[in-house]
Amino acid sequence: MKIGTLLTAAIVSLSAVGGGLAAYVAVTKYQTMDKVSTAQSRLEIVRAVGDIPRYMNSERGMSTNLLFSTGAIDQKQIGDLDKLRKLTDGALAKVNQVR
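Take 8 as the starting number for the sequence shown in my numbering and just add one per residue.
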């Protein structure tokens with residue numbers, strides 16, 4: 008066997024091994040990035056769902072106070088309740104948007 012043929016075969020073999028290794032690394036990195044993006048989307052959903060009780064508690068407290076109050080409910084109180092409801096609806100809309 009000639010030395011040129013041997014060197015060519017060695018270079019081709021090393022190139023094939025290097026290409027295979029590069030392909031393996033690329034596939035592994037892609038799978039890792041896919042898992043990370045899935046985890047990020049799940050975390051975003053959890054954060055969006057976590058915002059709902061924060062807004063809903065104040066809305067629920069105010070509506071309970073309005074229901075059990077002895078006096079008449081004036082329009083300012085209803086307007087304040089509507090503002091709180093918009094915050095809760097916004098949190099629900101964010102959950103639906105993230106999903």
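The C-beta atom is built at its ideal place from N, Cα and C for all residues, glycine as well.
In angstroms, rounded to a whole number, what distance separates the CA positions of residue i and residue j?
i	j	result
Ile10	Ala23	20 angstroms
Ser76	Gly86	16 angstroms
Lys101	Met40	24 angstroms
Gly68	Ile80	15 angstroms
Ile16	Lys42	With the sequence shown as reference, residue 16 is identified as Ala, and Ile is not the correct amino acid for it. So the two alpha carbons sit approximately 39 angstroms from each other.
Val32	Val53	31 angstroms
Leu13	Leu28	22 angstroms
Gln47	Lys36	16 angstroms
Gln38	Arg61	36 angstroms
Grab the span of the alpha helix (DSSP H) containing residue i for me, first residue to last.
i	result
Leu29	According to the sequence provided, residue 29 is Ala. The question's Leu does not apply to it. Unbroken alpha helix (DSSP H) run through Ala29: 10 to 75.
Gly86	82 to 105
Apart from the five residues just before and just after residue i, which ones in its own chain have a Cβ nearer than 6 angstroms to its Cβ?
i	result
Asp58	Ala98
With a CB to CB cut of under 8 angstroms and the five nearest residues on each side skipped, what residues in its chain are close to residue i?
i	result
Glu66	Leu88, Leu91, Arg92, Leu94, Thr95
Between residue i and residue j, how many whole angstroms is the CB-CB distance? I'm expecting something under 8 angstroms.
i	j	result
Leu73	Gln84	6 angstroms
Val105	Ala55	5 angstroms
Excluding five sequence neighbours on each side, which residues of the same chain lie with their C-beta closer than 7 angstroms to the C-beta of residue i?
i	result
Met63	Thr95
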